[in-house]
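I have placed the structure first, in the form of structure tokens, so that the comments after it can refer back to it.
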Amino acid sequence: MGITLIILLIVQVLCTLAARETLGKDIWTLTPEKITYGWKILYIAEFFFTAGAVSTKVTVLCLYLRIFMFNAFRRQCYMMLALSGLYLVAFTVSTGLLCRPIEYFWLGWNNAYDAVGTCINVNDYMMTTFIISAIIDVAIFLMPIPQVLKLHITPKRKVAICLIFGAGLFVTACSIIRTVFFIQHYTSYNPNNFKLALRQSVLSLVCSWSYLKYHTPSTRTIWTTNGSSLEH
């Protein structure tokens, strides 16, 4: 949790620095120097944003491991942890290889540098990261629901527990909104959607923290009480 907070604070600082001059503004109103500055910040922040998004996923999965004692479910958690790790490695490496040379990432918007280097389609790449991240988020936050439905408790308590875990779906909804927003502005070089992505990560961190602080002890008690019968 602490690592996630530090990473997101770094992203916040980077976005704040860039927002003073570039982020959230119409590209046609900016000087070339300011546009280049904004893309430099975006390039650096993308590494930290990916790490922060994965760190939040890991936080939730580790929470599940603290609550659920069922071997089958814990194997699912470890599989999702491995998938999150692969996501981190894949998109960290691919972010570093977006352009050749690297500086073409923040210079490529200027047609004068067309002969200097080459990049993959940055919009396609960012949209891919958003979609894959949203799919993983949905899978993670839906994982406990089947386990809840197996509990030998009243329907009212089942609904209450589902709502506790379902709070994370609000974060997923933000992720989906972010993706839709990005697709709608697909041809624009304005990096406005990055601030929405940051807010989604902060919200996911808040949800994870609330799980750990307020719900883990009571939920763990319920599973301890019902666990022996559910493992058969």
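Taken in order, the sequence shown gives residues -18 to -1, 1 to 214; the numbers are from mature numbering (1 follows the signal peptide of the UniProt record, and there is no 0). Don't be surprised by glycine CBs; every beta carbon is placed ideally from N, CA and C.
Beta-carbon separation (whole angstroms), residue i vs residue j, contact threshold 8 Å
| i | j | result |
| --- | --- | --- |
| Val71 | Gly34 | The Cβ separation is near 15 Å, so there is no contact. |
| Tyr86 | Tyr95 | 7 Å |
| Leu131 | Lys140 | 6 Å |
| Phe147 | Pro126 | 5 Å |
Close beta carbons around residue i, own chain, < 6 Å, minus the five adjacent residues each side
| i | result |
| --- | --- |
| Ala(-1) | Gly20, Ile23 |
| Ile158 | Ala116 |
Nearest to residue i (by Cα), restricted to the options the options
| i | options | result |
| --- | --- | --- |
| Phe112 | Ala155, Glu15, Val141 | Ala155 |
| Ser66 | Tyr25, Ile26, Ser115, Leu133 | Ser115 |
| Thr41 | Thr(-15), Leu151, Gln129 | Thr(-15) |
| Thr32 | Leu151, Thr74, Ala142 | Thr74 |
| Pro83 | Leu45, Gly99, Asn93, Ser76 | Gly99 |
| Met62 | Phe152, Ile143, Phe123, Ile(-13) | Phe123 |
| Ile(-12) | Ile158, Ala97, Ser37, Tyr46 | Ser37 |
| Asn105 | Cys144, Thr(-3), Thr77, Ile135 | Thr77 |
Which residues DSSP lists as bridging residue i, in chain order
| i | result |
| --- | --- |
| Arg82 | Thr100 |
Residue i (DSSP reduced to helix, strand or coil)
| i | result |
| --- | --- |
| Lys7 | coil |
| Ala105 | Looking at the sequence provided, one finds Asn at residue 105 rather than Ala. If DSSP states are grouped into helix, strand and coil, Asn105 belongs with the helices. |
| Met125 | coil |
| Ile(-13) | helix |
| Trp91 | coil |
| Ile135 | coil |
Contacts around residue i, its chain only, beta-carbon distance under 7 Å, and the 5 residues preceding and following it disregarded
| i | result |
| --- | --- |
| Cys101 | Leu80, Cys81, Tyr86, Phe87, Gly90 |
| Ile17 | Thr4, Ile9, Trp91 |
Own chain partners of residue i with C-beta closer than 8 Å, once the 5 adjacent residues on each side are dropped
| i | result |
| --- | --- |
| Leu(-5) | Ile23, Ile26, Ala27, Phe30 |
| Leu43 | Cys59, Met62, Leu63, Ser66, Ile122 |
Residue-chain proximity (residue i, chain D), Cβ-Cβ < 8 Å
| i | result |
| --- | --- |
| Gly34 | The structure shown contains no chain D; it holds only a single protein chain. |
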